[in-house]
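Just so we're aligned: 121 in numbering that gives the first Met the number 0 is position 122 of the sequence shown, and the numbers increase by one with no gaps anywhere.
Built from N, CA and C at the ideal position, the CB exists for glycine as well.
It should be emphasised that the depicted structure is a prediction, and the values quoted were computed from it without experimental measurement.
Each remark here refers to the structure printed beneath this line.
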Amino acid sequence: MVLLRKILFPLAILYGWVTQFRNFLFDRGLLASTSYDLPVIAVGNLSVGGTGKSPMIEYLIRLLSANHQIATLSRGYKRTSKGFVLADAHANAFSLGDEPYQFHQKFPGVHVAVDADRRNGIAKLLQLNPKPGVILLDDAYQHRKVKAGFYILLTAYGDLYADDFMLPTGNLRESTSGARRADVVVVTKCPPDLPLAQRVKIEQRLNLLPHQALFFAAIAYDDFVYSENARVAVSEVRGEQKLLLAGIAKPKPFFDHLKTDTDVVKQFPDHHDFSEKEIAEIVHDVHDRKIITTEKDYVRLKGRVKPDQLFYLPIKTVLLSQSETFDQILKNYVGTRTANR
């Protein structure tokens, strides 16, 4: 695989030129980009997957929903539906996609919608009653047809965009110059005890513009795992024989947080659609033990495995420092945009 990526290096150069030219056309106004008179916050990355976009969207919902009607708009990756879909009582992980459905389950007061055409999706959201006061665009950093008012760029610790290269040789969707569009850059999935000296090195490596703010964040795991009707302390679960299952981009931290030598571990591709054969194999392997999975996988497996066996471990984004500054930057943007409407 590594050799193939090296062989495809000329394609990576070509892809980089194409994306840079596309960005040039949008930056110069030669391709149309629509802006809006309400706060629109885009969360995304330069690389493919695994930077913690969903936990960041949930962080923003918790931060802003007390004072604003929030709407989220996602593409709805791997959903079975087409066009614009607004989550309702009949929604599921297949009609919305796993991450939007997760938002819908956790935050019932939020408008959760999916549409590959972000401009059409925003237009539909603005017809709702109550009308959203803030729109959060999930995985929309490269969607230049929409001009968000505020951009949050995520990059994972140990896998910085500054150290990466264009697809297919590397994992970048666009060149590192795209980072200039960000208002805030967050280095996610950091060790909770990341030393100050290491933060300074990362800051120097990213070389942000003067107006851009840099923050460092970690993933915080809940103290409990949850099933449909129960919860069990993680400290208790660690002592049991269990099956750990994940279909996310980078599952190693999840497995390391829970596993012991006696556990069965099953890893699947990101956003995996579990077949009936795979479900049967999982049920066969687990016997009467618990299945512990991620929130994203739980919404796909719920109803297909015994509810008293299937548990998920919630996660949250936690800022390592200056969380009040981060929160205030977002609140100031939302407040200013709202006042100027």
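Open item on the list: Measuring CB atoms only, is the stretch 323 to 340 touching the stretch 253 to 262, in the sense that at least three cross pairs come out at less than 8 Å?
Closed with: no
Task: Same chain, Cβ closer than 7 Å to ARG179, five either side skipped, listed in chain order - done: Within the sequence shown, the letter at position 180 stands for residue 179. Excluding residues within five positions, the ones whose Cβ falls inside 7 Å are LEU208.
- [ ] Assign HIS103 to one of three DSSP states: helix, strand, or coil.
- [x] The residue given as residue 103 occupies position 104 in the sequence shown. DSSP places HIS103 in helix when its eight states are reduced to three.
Task: Three-state secondary structure assigned by DSSP to LEU318 - done: As a first step, residue 318 is located in the sequence shown; it is residue number 319 there, counting from the start. Strand at LEU318.
Task: DSSP state of GLY43 mapped onto helix, strand, coil - done: Along the sequence shown, one-based indexing puts residue 43 at 44. If DSSP states are grouped into helix, strand and coil, GLY43 belongs with the strands.
Open item on the list: Please report the distance separating the alpha-carbon of GLU202 from that of LEU62.
Closed with: Stepping through the sequence shown from its first residue, residue 202 is reached at position 203. Stepping through the sequence shown from its first residue, residue 62 is reached at position 63. Rounded to whole angstroms, GLU202 to LEU62 spans 25 Å at the Cα level.
TODO: Go through its chain and collect everything with a Cβ distance to GLY48's Cβ below 7 Å, but skip five positions before and after it.
DONE: For the purposes of this step, residue 48 is identified with residue 49 of the sequence shown, where counting begins at 1. Answer for GLY48: ALA248 and ASP269, listed in chain order.
Task: Reference LEU72, options PRO252, ILE134 and TRP16, closest by Cα - done: What you label residue 72 is simply residue 73 of the sequence shown in a count that begins at 1. It is ILE134 whose Cα lies nearest to the Cα of LEU72.
Open item on the list: Less than 8 Å between the beta carbons of GLY108 and SER64, yes or no?
Closed with: As a first step, residue 108 is located in the sequence shown; it is residue number 109 there, counting from the start. As a first step, residue 64 is located in the sequence shown; it is residue number 65 there, counting from the start. A contact, by the Cβ cut-off of 8 Å.
Task: Closest by C-alpha distance to HIS67, when choosing among PHE25, PRO131 and LEU193 - done: Translated into positions along the sequence shown, residue 67 becomes position 68. Checking every option, the nearest Cα to that of HIS67 belongs to PRO131.
TODO: Report whether the distance from the Cβ of ASP158 to the nearest heavy atom of the ligand ADP is below 7 Å.
DONE: This structure simply doesn't include the ligand ADP, nor any ligand for that matter.
Open item on the list: Measuring straight from C-alpha to C-alpha, what distance separates PRO250 and ASP158?
Closed with: Start at 1 with the first residue of the sequence shown, and residue 250 comes out as number 251. Start at 1 with the first residue of the sequence shown, and residue 158 comes out as number 159. When rounded, the distance between both Cα atoms is 14 Å.
Task: GLU239 to PRO306 span [Cα, whole Å] - done: Your numbering for residue 239 matches position 240 in the sequence shown. Your numbering for residue 306 matches position 307 in the sequence shown. When rounded, the distance between both Cα atoms is 18 Å.
TODO: Classify ARG303 as buried or exposed, calling it buried when 16 or more other Cβ atoms lie within 10 Å of its own Cβ.
DONE: What you label residue 303 is simply residue 304 of the sequence shown in a count that begins at 1. ARG303 comes out exposed.
TODO: Have a look at ALA31, THR324 and GLU294 and flag the residue whose alpha-carbon is nearest the alpha-carbon of ALA245.
DONE: Numbered from its first residue, the sequence shown carries residue 245 at position 246. Nearest option by C-alpha distance: GLU294.
Task: Expected contact under 8 Å - CB spacing of HIS142 and LEU127 to nearest Å - done: Numbered from 1 along the sequence shown, position 143 holds the residue referred to as residue 142. Numbered from 1 along the sequence shown, position 128 holds the residue referred to as residue 127. With a Cβ gap of about 21 Å, HIS142 and LEU127 do not count as contacting.
- [ ] Specify, as a first and last residue, the run of the alpha helix (DSSP H) that HIS223 falls within.
- [x] Locating residue 223 in the sequence shown gives position 224, counting from the first residue. The amino acid occupying residue 223 in the given sequence is Phe; His does not appear at that position. Looking at the DSSP string, PHE223 is not in any alpha helix (DSSP H); the run it does join, the beta strand (DSSP E), is 223 to 225.
- [ ] State the beta-bridge partners of ARG230 as determined by DSSP.
- [x] In the sequence shown, counting from the first residue as 1, residue 230 sits at position 231. TYR225.
TODO: Can you tell me which of the three DSSP states PHE23 falls into?
DONE: The count along the sequence shown starts at 1 and reaches residue 23 at position 24. Helix, per DSSP.
TODO: Could you check if ILE12 is buried or exposed, using at least 16 other CB atoms within 10 Å of its CB as the buried criterion?
DONE: Residue numbering aside, residue 12 sits at position 13 when the sequence shown is read from its first letter. Under this definition ILE12 is an exposed residue.
Open item on the list: Taking its Cβ as the centre, do 16 or more other Cβ atoms sit within 10 Å of GLN101, making it buried, or is it exposed?
Closed with: Taking the sequence shown and counting its residues from 1, the one referred to as residue 101 is at position 102. Looking at its Cβ environment, which holds 16 or more other Cβ atoms inside 10 Å, GLN101 is buried.
Task: Under the three-state DSSP convention, the category ALA65 falls into - done: Within the sequence shown, residue 65 is the residue found at index 66, counting from 1. Reduced to three states, the DSSP call for ALA65 is coil.
Task: Contact under 8 Å by Cβ, LEU213 with VAL184 - done: Start at 1 with the first residue of the sequence shown, and residue 213 comes out as number 214. Start at 1 with the first residue of the sequence shown, and residue 184 comes out as number 185. Yes, the pair counts as a contact, with Cβ atoms nearer than the cut-off.
- [ ] Check the C-beta distance from THR316 over to TYR58 and give it rounded, since I have them as a contact under 8 Å.
- [x] Your numbering for residue 316 matches position 317 in the sequence shown. Your numbering for residue 58 matches position 59 in the sequence shown. About 5 Å; that satisfies the 8 Å criterion.
Task: Between the CA atoms of GLU227 and ASP255 - distance to the nearest angstrom - done: Taking the first residue of the sequence shown as 1, we reach residue 255 at position 256. Taking the first residue of the sequence shown as 1, we reach residue 227 at position 228. Their backbone Cα atoms lie some 24 Å apart in a straight line.
TODO: Could you check if SER176 is buried or exposed, using at least 16 other CB atoms within 10 Å of its CB as the buried criterion?
DONE: Locating residue 176 in the sequence shown gives position 177, counting from the first residue. Answer is exposed; the Cβ neighbour count stays below 16.
TODO: Select from ALA122, PHE93 and ASP192 the residue whose C-alpha is nearest the C-alpha of TYR76.
DONE: Your numbering for residue 76 matches position 77 in the sequence shown. Of ALA122, PHE93 and ASP192, the residue nearest in Cα terms is PHE93.
Open item on the list: Rounded to the nearest angstrom, what separates ASP272 and GLY96 at their Cα positions?
Closed with: The residue given as residue 272 occupies position 273 in the sequence shown. The residue given as residue 96 occupies position 97 in the sequence shown. If you take the alpha carbons of ASP272 and GLY96, they lie about 10 Å apart.
TODO: Taking the CB atoms as reference points, tell me whether LEU312 and ILE281 lie closer together than 8 Å.
DONE: The residue you call residue 312 lines up with position 313 of the sequence shown. The residue you call residue 281 lines up with position 282 of the sequence shown. Not closer than 8 Å, so no.
Task: Contact belief for GLU173 with LEU45 at Cβ below 8 Å, rounded distance in angstroms - done: Locating residue 173 in the sequence shown gives position 174, where the first residue counts as 1. Locating residue 45 in the sequence shown gives position 46, where the first residue counts as 1. GLU173 to LEU45, Cβ: 6 Å. Contact.
Open item on the list: Determine, for ALA196, whether the minimum Cβ-Cβ distance to residues of chain D falls below 8 Å.
Closed with: Given the protein chain composition of this structure (a single chain), no chain D is represented.
- [ ] Sort out for me which residues DSSP pairs ILE151 with in a bridge.
- [x] Here residue 151 is taken as the residue at index 152 of the sequence shown, counted from 1. Per DSSP, VAL42 and VAL183.
Task: Among VAL264, ALA90 and VAL298, the one whose alpha carbon lies nearest that of ARG288 - done: As a working note, residue 288 is residue 289 in the sequence shown. Nearest C-alpha to ARG288: VAL264.
Task: Integer-rounded CB distance, given that LEU242 should sit under 8 Å from VAL285 - done: Here residue 285 refers to the residue found at position 286 of the sequence shown. Here residue 242 refers to the residue found at position 243 of the sequence shown. Rounded, the Cβ-Cβ distance is 5 Å, consistent with contact.
TODO: Would you mind stating whether TYR297 and GLY148 have Cβ atoms separated by less than 8 Å?
DONE: As a first step, residue 297 must be located in the sequence shown, where it is residue number 298. As a first step, residue 148 must be located in the sequence shown, where it is residue number 149. Against a cut-off of 8 Å, the Cβ pair of GLY148 and TYR297 comes out as no contact.
- [ ] Can you tell me which of the three DSSP states GLN197 falls into?
- [x] If you number the sequence shown from 1, residue 197 lands on position 198. Note: GLN197 maps to helix in three-state DSSP.
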